[in-house]
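Protein chains: 2
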Amino acid sequence: MSALPQISEAEYEVMKIVWKYAPISTNEITEKLLETSSWSPKTIQTLIKRLVNKGVLTYEKESRVFVYTPLIQECDYIGQESKSFLDRFYGGNITTMLSSFIENDRLSESEINGLRSLLSESFHKEEN
Amino acid sequence: MSALPQISEAEYEVMKIVWKYAPISTNEITEKLLETSSWSPKTIQTLIKRLVNKGVLTYEKESRVFVYTPLIQECDYIGQESKSFLDRFYGGNITTMLSSFIENDRLSESEINGLRSLLSESFHKEEN
DNA sequence: CCTTAATTCTTACTGGTGTAATAGATATTA
DNA sequence: TAATATCTATTACACCAGTAAGAATTAAGG
C-alpha cells in the first residue's frame, strides 16, 4: 500500500462532495460547494483539475461535460491521514491520545460514556 | 483563546526539541536534531528564525549566543491540532474516530484493552 | 587593535496552495 | 453555417514550506 496522493485542505472539500455524490459533473460539484463556501467557480475548477492531475479523480466525457469519479476511497484517505496524525502527535498510540484528551478535560461525561459503550460493543464482536 | 500560530512539519521537529530542553541554544538544537535528521545546520537555523518570527519562540542573548524558550505550550499546540484534525475528518467527534478505527481493524485487541482500562480509570476519577 | 572564527541575518530558489482571470474549444441555436 | 453560450485548459500571482548559501556582525585571541 503505497502512499496516497497528498490532498490539500481546499481540495479535500471538493473530495467530500465527490465521494458523496459520484459520479458527478463539474457543475454539480460547484453547486454543492457554493452552498457552504464562497469560492469562485473558477477556483473550484482549478481544484478539480489539480485533483485529476494528482490521480485522485478520473473523469468521463458525457457529451460536452466531464463527470468525475474518485480513484481513491474516502476511508483509505482518512485512514492514512489519521495514522500520520497519530504518529506525529501521539507516537502512533491512540491510547495516548485519548488519555491526553481526558487529562485536559476535552471530553464530556457523555462522550466518555459513548466511548465506553463503543468499546464494550467491540468486545462482544470479538467474542463471536 | 485565539488561534496559535501555524507550525509547519519541519518547524514542529524543532519545537519538539525546544519543548523538551528549553532553554536551549541554536547549537544545542542543531546537535539534537542531527541525531535524527540530516538537515543542514543552515536549514535548522532558518526554521528557528521562522519560529521566532511567528511568535512561537523567544530568545535571550547570552554573550554571543541565542538561547531559546517556547512562547506556546506543547500541550496547547497539540490540543489545537487535535481539535482541527478531529473536526476535519470526524466531525469533531472522537467516538466517530474510534469507531472508524475499530471498524477498519486498525486497533489490536491489546490496544482496545488499553482504552477500556483508561476509560474505567477516568470513570473512577469522575466518581470522587 | 586587528584578524579570525563563530553566530546570526539576508537572500534565494523550487514546489505546493489559495484564489482566480483569460484564452481556447465545442456544442447549440438562429 | 455562423454566432453564441458553455465548458475546459492555460496562465497568473502571492504566500508558505523545505532547503540552503552567502553576507554581515560580533566576540575572543594574538
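Chains U and C supply the protein sequences, listed in that same order. Note that my numbering has the first sequence beginning at 1, numbered continuously upward. Note that my numbering has the second sequence beginning at 1001, numbered continuously upward. Heads up, the beta-carbon is just placed ideally off N, CA and C, and yes, glycines get one too. Fair warning: this is a prediction, and the values are worked out from it, not measured in the lab.
Short of 9 Å Cβ to Cβ, which residues in the stretch 94–107 of chain U face chain C?
94, 95, 97, 98, 99, 100, 101, 102, 103, 104, 106, 107
Tell me, please, which residues DSSP counts as bridged to residue 1068/C.
Within the second sequence, numbered from 1, the residue matching residue 1068/C stands at position 68. Bridge partners of residue 1068/C: 1024/C, 1059/C.
For my contact list, residue 1117/C and residue 118/U are in at a C-beta cut-off of 8 Å; report their separation, rounded to the angstrom.
Within the second sequence, numbered from 1, the residue matching residue 1117/C stands at position 117. Within the first sequence, numbered from 1, the residue matching residue 118/U stands at position 118. The Cβ separation is near 15 Å, so there is no contact.
Consider the Cβ of residue 1017/C: report whether some Cβ of chain U lies at a distance smaller than 7 Å.
On the second sequence, position 17 is the one that residue 1017/C refers to. Closer than 7 Å to the CB of residue 1017/C there is not a single CB belonging to chain U.
By how many angstroms is the C-alpha of residue 1019/C removed from the C-alpha of residue 1065/C?
Stepping through the second sequence from its first residue, residue 1065/C is reached at position 65. Stepping through the second sequence from its first residue, residue 1019/C is reached at position 19. Distance between the alpha carbons of residue 1065/C and residue 1019/C: 19 Å.
Is residue 1042/C helix, strand or coil when you go by DSSP?
Start at 1 with the first residue of the second sequence, and residue 1042/C comes out as number 42. Residue state, collapsed to three classes: helix.
Is there a Cβ from chain C that is less than 7 Å from the Cβ of residue 64/U?
Taking the first residue of the first sequence as 1, we reach residue 64/U at position 64. No, because no Cβ of chain C sits closer than 7 Å to the Cβ of residue 64/U.
Three-state secondary structure (DSSP) at residue 1088/C?
Within the second sequence, the letter at position 88 stands for residue 1088/C. Three-state DSSP puts residue 1088/C in a helix.
Name the chain U residues whose beta carbon is nearer than 7 Å to that of residue 1050/C?
Residue numbering aside, residue 1050/C sits at position 50 when the second sequence is read from its first letter. In chain order: nothing, as chain U lies at least about 19 Å away.
Quick check on this structure: which residue in 106/U, 57/U, 104/U, 48/U has the alpha carbon closest to the alpha carbon of residue 69/U?
Counting from one through the first sequence, the residue named residue 69/U turns up at place 69. Comparing Cα positions, the closest option is 57/U.
For the structure I just gave you, are there three or more beta carbon pairs, one from the stretch 1044–1059 of chain C and one from the stretch 1002–1019 of chain C, closer than 8 Å?
yes
First and last residue of the alpha helix (DSSP H) that includes residue 1094/C?
Walking along the second sequence from the start, residue 1094/C turns up at place 94. That run of the alpha helix (DSSP H) goes 1094–1103.
Less than 7 Å between CB atoms is the rule here; does residue 1091/C satisfy it with respect to chain U?
Locating residue 1091/C in the second sequence gives position 91, counting from the first residue. Cβ-Cβ to chain U under 7 Å: no for residue 1091/C.
Could one say the Cβ of residue 115/U lies closer than 7 Å to chain C's Cβ atoms, at least one of them?
Start at 1 with the first residue of the first sequence, and residue 115/U comes out as number 115. Output row for residue 115/U: interface = yes.
Could you give the DSSP three-state label for residue 1036/C: helix, strand or coil?
Residue numbering aside, residue 1036/C sits at position 36 when the second sequence is read from its first letter. Correct three-state label for residue 1036/C: coil.
Near residue 1047/C, which residues of its chain fall below 7 Å by C-beta distance, leaving aside the five closest residues on each side in sequence?
Start at 1 with the first residue of the second sequence, and residue 1047/C comes out as number 47. Closer than 7 Å at Cβ, skipping near neighbours: 1010, 1011, 1014.
Cβ closer than 8 Å: which chain U residues qualify as neighbours of residue 1038/C?
Locating residue 1038/C in the second sequence gives position 38, where the first residue counts as 1. Result: empty, since nearest Cβ-Cβ is about 19 Å, beyond 8 Å.
How many Å lie between residue 23/U and residue 74/U at the Cα?
Start at 1 with the first residue of the first sequence, and residue 23/U comes out as number 23. Start at 1 with the first residue of the first sequence, and residue 74/U comes out as number 74. Using only the alpha carbons, I get a separation of about 14 Å.
Can residue 88/U be considered in contact with the ligand ATP, in the sense that its beta carbon sits closer than 6 Å to one or more heavy atoms?
Absent from the structure shown: the ligand ATP. Ligands present: none.
Among 96/U, 21/U, 16/U, 91/U, which residue has its Cα nearest to the Cα of residue 1112/C?
Walking along the second sequence from the start, residue 1112/C turns up at place 112. It is 96/U whose Cα lies nearest to the Cα of residue 1112/C.
Exposed or buried, residue 30/U, counting other C-beta atoms within 10 Å across all chains shown (16 or more means buried)?
What you label residue 30/U is simply residue 30 of the first sequence in a count that begins at 1. Burial call: buried.
Under 9 Å between beta-carbons, which chain U residues line up against residue 1079/C? List them in chain order, please.
Sequence index remark: in the second sequence, residue 1079/C carries index 79 (1-based). In chain order: 100, 101, 104, 106.
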